[in-house]
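Student:
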Amino acid sequence: MELQFDSIGRIAHATVVAAEDREESLRCAARMAQALVCQGEGPLPCGACRACRKAEAGIHPDIIRVQRPLDDKGRPKKEIPVDLIRAVASDALVLPNESERKVYLIEDADCMNSSAQNAALKLLEEPPKGVYFLLCVTNPALLLPTVRSRCAEWSCAGERREQDPELRKLAEGFLDLTAAGDRAELLRWCFAREDMDLWTMRAFLDCAADCAAERLTGRAQTRGMSPAGLLRLEELLERCRTMLQVNTGVRHILGLLAVDAIADERGV
Ligand SMILES: [Zn+2]
-5 MELQFDSIGR IAHATVVAAE DREESLRCAA RMAQALVCQG EGPLPCGACR ACRKAEAGIH
55 PDIIRVQRPL DDKGRPKKEI PVDLIRAVAS DALVLPNESE RKVYLIEDAD CMNSSAQNAA
115 LKLLEEPPKG VYFLLCVTNP ALLLPTVRSR CAEWSCAGER REQDPELRKL AEGFLDLTAA
175 GDRAELLRWC FAREDMDLWT MRAFLDCAAD CAAERLTGRA QTRGMSPAGL LRLEELLERC
235 RTMLQVNTGV RHILGLLAVD AIADERGV
């Protein structure tokens, strides 16, 4: 299903558009940009008005794509330099051409170097009237916390991953491990997964929470876990998910799982 918005108010002036796949984040941001310039009625973008058609053809003058500069061989450079963000800042002061709004779609925003990110701070905090910034990223953790705190975050759905049978097996294995109560084994399990990327971790946490919910509601066998243990685990997984949203690394999450996934007998 194509992304639509019931009103423009749903889109923040500065939004981090995160997806596991680069193309997916660009697609998602392009739909947001189209919604912002759309002149149709009802769910946006309407896809039919003149502005929508221009946006789709990539020729709407008020949707500006900001891309990494190219090197001598015509390949995109690794970083978005500060000059480019300064140029955006002064361009953003110019009124839009056709729309009431002007949208900067910043591709690979997680490639902004730290001076570029610092230069973007003021812009993101107080964008000129009618100006929107969509920061496309695959790894939001590369953005400075000061940048992220000024932006809304839009995660493009990664439903495909939750259906992944490998991930499901991993999640079930993790639950069994916590049920067994073997701390040393749990620690080894967590150590072995330190190279997991952000998106796999996110999908894993979702998947493990689903498995816990199934066992708790009797849709799956409990396999040695008590209802109280399952509830605790659900809470822990939720806490990990929230932390992952706010710039916590995968290793930190694994550390938390290693320490907290098995209830401490001395406690409670
Ligand atoms: Zn439209």
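The numbering used here puts the sequence shown at residues -5 to 262. The beta carbon of each residue, even a glycine, is placed where N, CA and C say it ideally should be. These figures come from a predicted structure and were not determined experimentally.
Quick one: residues with CB closer than 5 Å to any heavy atom of ligand 1, in chain order, please.
Tutor: Cys32, Gly34, Pro39, Cys40, Cys43 and Cys46
Student: Classify Glu229: buried if its beta carbon has 16 or more other beta carbons within 10 angstroms, exposed otherwise.
Tutor: exposed
Student: Count Cβ pairs between the region 168 to 176 and the region 134 to 141 that sit closer than 8 Å; are there 3 or more?
Tutor: no
Student: Using beta-carbon positions only, say whether Leu199 and Leu231 come within less than 8 Å of one another.
Tutor: Yes, the pair counts as a contact, with Cβ atoms nearer than the cut-off.
Student: On the DSSP bridge assignment, give the partners of Met106 in chain order.
Tutor: Note: Met106 sits in a beta bridge opposite Ile74.
Student: For Tyr126 and Val82, which I take to be in contact (beta-carbon distance under 8 Å), what is that distance rounded to the nearest angstrom?
Tutor: Between Tyr126 and Val82, the beta carbon gap of about 12 Å keeps them out of contact (Cβ cut-off 8 Å).
Student: Could you tell me which residues DSSP pairs with Phe(-1) in its beta bridges?
Tutor: Leu38
Student: Helix, strand or coil for Cys130, going by three-state DSSP, please let me know.
Tutor: In the structure shown, Cys130 falls within a strand segment according to DSSP collapsed to helix, strand and coil.
Student: Along the chain, where does the beta strand (DSSP E) containing Thr9 start, and where does it finish?
Tutor: That run of the beta strand (DSSP E) goes Ala8 to Ala12.
Student: Tell me, please, which residues DSSP counts as bridged to Ser149.
Tutor: Ala12
Student: Name the one or two DSSP bridge partners that Val97 has.
Tutor: Ile57 and Tyr126
Student: Determine whether the beta carbon atoms of Leu99 and Ala24 lie at a separation below 8 Å.
Tutor: yes
Student: For Arg209, I'd like the list of residues in its chain whose CB is within less than 8 Å of its CB, leaving aside the five on either flank, ordered along the chain.
Tutor: Leu169, Gln215, Thr216, Arg217, Met219 and Leu224
Student: Comparing C-alpha positions only, which one of Cys201, Ala174 and Arg226 sits nearest to Glu160?
Tutor: Ranking the options by Cα distance to Glu160, first place goes to Cys201.
Student: Determine which residues share a DSSP beta bridge with Leu64 and list them.
Tutor: In the DSSP output, where bridge partners are listed per residue, Leu64 has Pro70.
Student: Does the distance from the CB of Val60 to the CB of Trp148 come in under 8 Å?
Tutor: no
Student: Mind reading off the beta-carbon distance from Ala49 to Ile57? Whole number of angstroms is fine, and I expect it under 8 Å.
Tutor: In this structure Ala49 is in contact with Ile57, their Cβ atoms being roughly 6 Å apart against a cut-off of 8 Å.
Student: Between the Cα of Ala173 and the Cα atoms of Asp258, Ile79, Pro55 and Asp15, which residue gives the shortest distance?
Tutor: Asp258
Student: Using a Cβ-Cβ cutoff of less than 8 Å, which residues in the same chain neighbour Leu64 once the five nearest sequence positions on both sides are dropped?
Tutor: Pro70 and Lys71
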